[in-house]
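See structure below.
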Amino acid sequence: MKIGELKLFTTVVELGSFTAAANALKLPRANVSRRINDLEKSLNINLFFRTTRSLSVTKSGEQYYNELLKTLSALEGL
């Protein structure tokens, strides 16, 4: 798992959509979606609830997000 994938996940959570995260990171939306799917498979958990019109973070996703913020903050402080 790379730091870029973790930052991608936090960006999706903070902006609330794959499209907004893709625009902010200047990436294709399909790339963001695929990378999040890959992350979910590698962790063996669902991070988001998806419908055709909305995206929301699961309880597991919230826990993972909170832990990532701590980890990323510690890494950036090095």
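Counted from 1, the sequence shown has number 36 at position 36 by the UniProt record's numbering; the numbering is strictly sequential.
For every residue, glycine included, the Cβ atom is placed at its ideal position computed from N, Cα and C.
Sort S73, F49 and D38 by Cα distance to E62 and report the nearest one.
Looking up residue 62 in the sequence shown gives position 62. The candidate whose alpha carbon is nearest that of E62 is F49.
What would DSSP say about L47, mapped onto helix, strand or coil?
The sequence position of residue 47 within the sequence shown is 47, counting from 1. Here L47 sits in coil by DSSP.
For V57, which residues in the same chain have their Cβ closer than 8 angstroms to its Cβ, ignoring the five residues on either side in sequence?
For this step, residue 57 is matched to residue 57 along the sequence shown. Taken in chain order, the residues that qualify are V13, L47, F48, F49 and Y65.
Pop quiz: S9 and L39 are said to be a contact at Cβ under 8 angstroms. What is the actual Cβ separation, rounded to whole angstroms?
The sequence position of residue 9 within the sequence shown is 9, counting from 1. The sequence position of residue 39 within the sequence shown is 39, counting from 1. In the sequence under discussion, the amino acid at residue 9 is Phe, which differs from the Ser named in the question. Right, the Cβ-Cβ distance comes to about 6 angstroms (below 8 angstroms), so this counts as a contact.
For S60, tell me which candidate among L25, L43, R53 and G16 has the shortest Cα-Cα distance.
Stepping through the sequence shown from its first residue, residue 60 is reached at position 60. Measuring from the Cα of S60, the nearest candidate turns out to be L43.
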